[in-house]
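*Asks:*
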Amino acid sequence: MATFSQSTVGKGSDSFTDFCCSPCQEHKVDQWAEFYCDNCLKFYCAKCINLHGQLFGKHVTYGRGDTSKWPVSKEVEDFIQKCDLHEDKRLKMFCNDHSQLCCTNCAFVNHRQCAKVALISESVKGPLPDLQQISRKIQTVLEDLDELQNYWDTNMQSLQISFDKQVHEIRDTRQKINTILDKIEQNTIKELEDKMTSLRASVKTNVDNCSKLQNKLKRLSDTMHEIVDKGKAELSFIASKKCLEKIKQSEAYLIENLVQVESSLTFQADSDFQQHLSKLSGLGRIVVCTQAVPLPGVPNKVLTVQGKSAYNVNIPSDAKKRLYISGICVLLNDQILVADQHNNRVKLLDHQY
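Listed below in structure tokens is the structure:
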């Protein structure tokens, strides 16, 4: 059996496997093959095909325009035959009951109760499947997936825009709360200042009254020293009376202020306000808004009818010969179900339809 070398080459977000020139590969040079020789079972680049032609002029070669005559690459065979559930296993069987490909593990675990499990080599009967039609269907589905992918990309961008906007809203809300707290702080300080002004005025009045009494008593005391032993009877009389009167006033003032009230200011924080803030888990609620947006072209794609055929799907056990097909469904494996309302049956169409 001939063996072929492939090179995986990036192409945008996809990757594909291409054949390398066999002689170049032997010299550890990766060079894309341009021709395949059906006699040598080898691939050749544009340079090596000239030497090959000189040596083997009668060999049949196929260029890139005839790649349908090139062999299937080993990588493609491995990819097609690999089990999706057990990647280290190759697909060997087919379950007709479930219309599923199976590896030996799948057959043992999931299909051992099935009656129609056979080797793929035994299941390949009749005409080959129309791979071109399947390929066109794949392209149609890929177009729909590309459109869906574009939608998700757009949705991701709009989601990021929405996120950034909400972050701005949260910070704006925080700023508003800061403004409110600043106002509350200013009001509290204003109240503190007002009370301080009132207390300061009261204390200042007491200080002024005490100072006045002190000044008058000191003045009278000094005056007494001036007139004592001067023989001024009238001045001594007047001075004594004034002194006794001020002494009486001062003693009365001292009695009134015998118990002094020491004033101070204390701030008592609003515990309810603090507890309420501590119980909050956030500045608000985060709400996820969803909206069903139909993708253009996917659910309501316009189909072009290429042909029309009429079939009789009566079966011998039908109670009524007249049919009324009220519904039709195509399964993933292209099998077709029809709903026969008159006979209250769902019928699976076979391949003759």
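Reading the sequence shown from the start, the letters are residues 426 to 778 in this note's numbering. The beta carbon of each residue, even a glycine, is placed where N, CA and C say it ideally should be. Keep in mind it's a predicted model, so treat the numbers as computed, not measured.
1. Are there 16 or more other CB atoms within 10 angstroms of the CB of residue 477, so buried, or fewer, so exposed?
2. Alpha carbon to alpha carbon, what distance is there between residue 529 and residue 544?
3. Mind the definition here: the segment 632–644 touches the segment 611–618 only if three or more C-beta pairs lie below 8 Å; say whether that holds.
4. How many angstroms separate the CA atom of residue 474 from the CA atom of residue 737?
5. Within 10 angstroms of the Cβ of residue 765, are there 16 or more other Cβ atoms? Answer buried if so, exposed if not.
6. Residues in the same chain with beta-carbon distance under 6 Å from residue 463, minus the five sequence neighbours each way, listed in chain order, please.
7. Could you tell me whether the Cβ atoms of residue 520 and residue 497 are closer together than 8 Å?
8. Please report the distance separating the alpha-carbon of residue 554 from that of residue 735.
9. For residue 565, which residues in the same chain have their Cβ closer than 7 Å to its Cβ, ignoring the five residues on either side in sequence?
10. Exposed or buried, what is residue 658 when buried is set at 16 or more other beta-carbons lying within 10 Å of its beta-carbon?
11. Just the Cα atoms here: how many angstroms apart are residue 679 and residue 667?
12. Tell me which same chain residues have a C-beta within less than 6 Å of the C-beta of residue 460, skipping the five on either side of it?
13. Using DSSP with H/G/I as helix, E/B as strand and the rest coil, what is residue 772?
14. Alpha carbons only, please: which of 716, 563, 681, 583 is nearest the one belonging to residue 631?
15. Give me the DSSP bridge partner(s) of residue 750.
16. Distance, Cα to Cα, residue 709 vs residue 593?
17. Residue ranges of each alpha helix (DSSP H) run of no fewer than 4 residues wholly in the segment 489–575, ordered along the chain?
18. Counting Cβ pairs, one atom from each stretch, are 3 or more of them under 8 Å apart for the segment 687–698 and the segment 661–676?
*Replies:* Taking the geometry as given:
1. buried
2. 10 Å
3. no
4. 59 Å
5. buried
6. 485
7. no
8. 23 Å
9. none
10. exposed
11. 18 Å
12. 469, 474, 486, 488
13. strand
14. 681
15. 765
16. 13 Å
17. 499–506, 529–534, 545–548
18. no
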